[in-house]
Amino acid sequence: NEYFYAISLINNMILLMLEGILSFDIQPDLGLISYSTSDGHVCHMELFSPTICIVMGTQAKKYVYNQIFSYHAVQFQNNSLFIYSSSINTNNLLSQPVLVINNVTYFGIVKDNLYYIQFLSLLRIRISDPKKHDLVSLFTSHEISFLVHRHLADFNFHKCESLKCNYYCNPFYKKKPKCFCPEKISLINESICVFDEKNPDYMIKYCHGFYCKNRKCLLNNVRCNNFDDCGDNSDENNCQITCKDGYHLCDKKCLSSNIICIIFILRFKVQKCLMLQIY
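The sequence shown maps to residues -23 to -1, 1 to 256 in mature numbering (1 follows the signal peptide of the UniProt record, and there is no 0).
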């Protein structure tokens, strides 16, 4: 199985979001993730919201859900691409495709536009009016792949920094940033996850970095560098050697601060999915 983790670049906390996935697509402007699974489902979810999965009965190579236009794009293992248009609340979800294209190597969706590679050509088609194809580019090699990059304003991330969440921040929750806590953990003052004082190291399994005694989670490039990065000096305790400026201790060696010490990732629960059966 393949695992999908989200890591906060603000506080280095890690969240196991998905497992058993074959492929995924992220729309960061909406905080939306679409993915296909090894057991024949296609699913989509907003961060920290219930997952909606559709039983396909066969493995999909790739799945993309376009929330704004209610498009579902499913590429099967034979490289046939099916585009469906429906709301997620209808009982006949994905019953009839509005567009079928064969021999699709890769594809991506931006708003109402479908970009795809077919026979060494990059083509564009408007899904709402699929009569006309635009040739974007020609290629001379079979080694082709492409990614769709969507414009994303960075002011949302600055709002996350101002919230000072001690676990995880979703900058797109209902169009505004919001702090979240692990399961069964309370949130106070809209930013602080309150943990059991009897288990002060509860958060260590969520830290993808160096875990300080004061529960800060830092990038794992701070050990024994002769600087108190944690604020409680716990990153400078029990040092066999002290590294010079610009270096840190990793596996008994001083490495450049540009190199992050490898961390073993612990597994923990994934939230349950909401399943929809299609016929």
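Each residue gets a CB set at the ideal place from its N, CA and C atoms; glycine is no exception.
The model shown is predicted, which means the values in this text are computed figures rather than measured ones.
Helix, strand or coil: how does DSSP classify residue i here?
| i | result |
| --- | --- |
| E(-22) | coil |
| C189 | coil |
| M180 | helix |
| C137 | helix |
| E213 | helix |
| Y61 | strand |
| Y144 | coil |
| N68 | Legend: pLDDT at N68 = 44, less than 50; position of this residue unreliable, value from coordinates given subsequently. If DSSP states are grouped into helix, strand and coil, N68 belongs with coil. |
| K151 | helix |
| Q54 | coil |
If you measure between the beta carbons of residue i and residue j, is that distance less than 8 Å?
| i | j | result |
| --- | --- | --- |
| C207 | C189 | yes |
| Y12 | L(-9) | no |
| N147 | L24 | yes |
| Y183 | F172 | no |
| T219 | N235 | no |
| I94 | L76 | no |
| I(-14) | E138 | yes |
Which residue wins for smallest C-alpha separation from residue i, given the options the options?
| i | options | result |
| --- | --- | --- |
| L115 | R101, E213, K109 and N147 | R101 |
| D222 | C184, K153 and N198 | N198 |
| T14 | M22, P27 and S(-1) | S(-1) |
| I165 | L99, F187, L140 and I86 | L140 |
| I78 | V87, D89, E167 and P107 | P107 |
| V87 | S63, P74, S47 and Q73 | S47 |
Residues in its own chain within less than 7 Å of residue i by CB, not counting five upstream and five downstream?
| i | result |
| --- | --- |
| I169 | N143 |
| C158 | Y144, L164 and C170 |
Alpha carbon to alpha carbon, how far is residue i from residue j?
| i | j | result |
| --- | --- | --- |
| Q44 | Q4 | 10 Å |
| I162 | C201 | 32 Å |
| I239 | I29 | 34 Å |
| A50 | T35 | 15 Å |
| Y224 | I237 | 11 Å |
| L91 | L196 | 39 Å |
| V41 | M22 | 11 Å |
| D6 | C216 | 43 Å |
| F149 | S26 | 12 Å |
| K136 | P154 | 7 Å |
| residue 257 | V81 | Because residue 257 is not part of the residues shown, which for the chain are -23 to 256, the question remains open. |
| T67 | N176 | Legend: pLDDT at T67 = 44, less than 50; position of this residue unreliable, value from coordinates given subsequently. In a straight line, the C-alpha of T67 is about 46 Å away from that of N176. |
| K152 | K229 | 46 Å |
| Q54 | N214 | 53 Å |
| S98 | C227 | 47 Å |
| C194 | N56 | 43 Å |
Using a Cβ-Cβ cutoff of less than 6 Å, which residues in the same chain neighbour residue i once the five nearest sequence positions on both sides are dropped?
| i | result |
| --- | --- |
| A(-18) | L(-9) and M(-7) |
Return the chain-ordered list of same chain residues with a C-beta closer than 8 Å to the C-beta of residue i, the five sequence neighbours on each side being excluded.
| i | result |
| --- | --- |
| N191 | C207, G208, D209 and S211 |
| F84 | K39, V41, A50, Q52, L58, L91, Y92, Y93 and I94 |
Within the present structure, is the beta-carbon of residue i separated from the nearest heavy atom of the ligand ADP by less than 7 Å?
| i | result |
| --- | --- |
| D205 | Ligands in the displayed structure: none, and consequently the ligand ADP is not present. |
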